[in-house]
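Peer 1:
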Amino acid sequence: MSIELPAMLVRQQEAWRAVFDIHDAVPKGWVLVGGQAVFLHAVERGATVVRATKDADIALDIRAYPRMLHDFTAHLLKLGFESAGASMEGHQHRWTRGEAVVDVLIPRHLGERAGNRRGATGGTTIAAPASQQALDRSETVKVQAGSASGRVNRPTLLGSLIGKAGALTIIDDPGRQRHIDDFLTLASVIRASDLQGVSYRPAERDHLANMLGHLAKHPELMANVPEGSEGLGRLRISLN
1 MSIELPAMLV RQQEAWRAVF DIHDAVPKGW VLVGGQAVFL HAVERGATVV RATKDADIAL
61 DIRAYPRMLH DFTAHLLKLG FESAGASMEG HQHRWTRGEA VVDVLIPRHL GERAGNRRGA
121 TGGTTIAAPA SQQALDRSET VKVQAGSASG RVNRPTLLGS LIGKAGALTI IDDPGRQRHI
181 DDFLTLASVI RASDLQGVSY RPAERDHLAN MLGHLAKHPE LMANVPEGSE GLGRLRISLN
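Residue numbers (this note's numbering): 1 to 240.
Encoded structure:
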């Protein structure tokens, strides 16, 4: 059964069409992360708060596939994408095709050699926290987005929670509240059965504990999505 997405703006619609095309060309070695992954879980579970987001963020499994950044961006070129240019650091993380925008990321903490890998147009890309955990907890689902449909590699609900918790470690990120709201949205739809028998790796436990501790210390940050409070309790129990 497909997850049917609601009507959306053209840019978001084209981002989903791009993700479907990417899966057809490269069916493994990557996972959809960030706001679109949260959006997908929120729609599927009927969340009260569903934040639409325009771009698609994709994390690459360069640990399992060392050439993935080069090969993946080569496929983007074949699909009609082009690099949006390089940052001052030489990163070419943003790729565009018409209205579609895809940001290509790699996991953090895989070493200097991994961080220096280059794409098909010669640029490096941004390393994002908790991306490896999202890759390790991934699944493939069918999605219907307007007239377009296809398959998508996404993190499980727990994998998305860990990913959003990890984003809190980006201290200078102007989108910190957005990450918190996304985390709370996911927490609002997590069930006890999602956490039954779960085990955490140290980094996963650290990311979740950091986010839960931050929210306990600053409860006012929950004002936008108070529905997440019950799920936070379930997550705290699962960490004990």
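For each residue, glycine too, the CB sits at the ideal point set by N, CA and C.
Note that the structure is a prediction, hence the values are computed from the model and not measured.
(1) Restricting to runs no shorter than 3 residues, where is the beta strand (DSSP E) found entirely within the segment 131-173?
(2) Using the three-state DSSP reduction, which class does L110 fall into: helix, strand or coil?
(3) Which word fits G233, buried or exposed, when buried means at least 16 other C-beta atoms lie within 10 angstroms of its C-beta?
(4) Between which residues of its own chain and D182 is the CB-CB distance below 6 angstroms, once the five residues before and five after are set aside?
(5) Distance, Cα to Cα, V49 vs T96?
(6) Which two residues bound the contiguous alpha helix (DSSP H) that contains L9?
(7) Restricting to Cα atoms, I'd like to know which of T185, P226, R17 is closest to G35.
(8) Between A47 and the rest of its own chain, which residues show a CB-CB distance below 7 angstroms, the 5 nearest in sequence each way excluded?
(9) Let me know if G93 comes out buried or exposed under the rule of 16 or more other beta-carbons within 10 Å of its beta-carbon.
(10) Pick out whichever of E89, Q144, L110 has its Cα sitting closest to the Cα of E44.
Peer 2: The short version:
(1) 138-145, 148-155
(2) coil
(3) exposed
(4) Answer for D182: V38, K164, listed in chain order.
(5) 28 angstroms
(6) Where L9 is concerned, there is no enclosing alpha helix (DSSP H), because DSSP gives it neither an H nor an E.
(7) T185
(8) T185, S188, V189
(9) Per the sequence shown, the amino acid found at residue 93 is His instead of Gly. By the neighbour-count rule (16 or more Cβ atoms within 10 Å), H93 is buried.
(10) Q144
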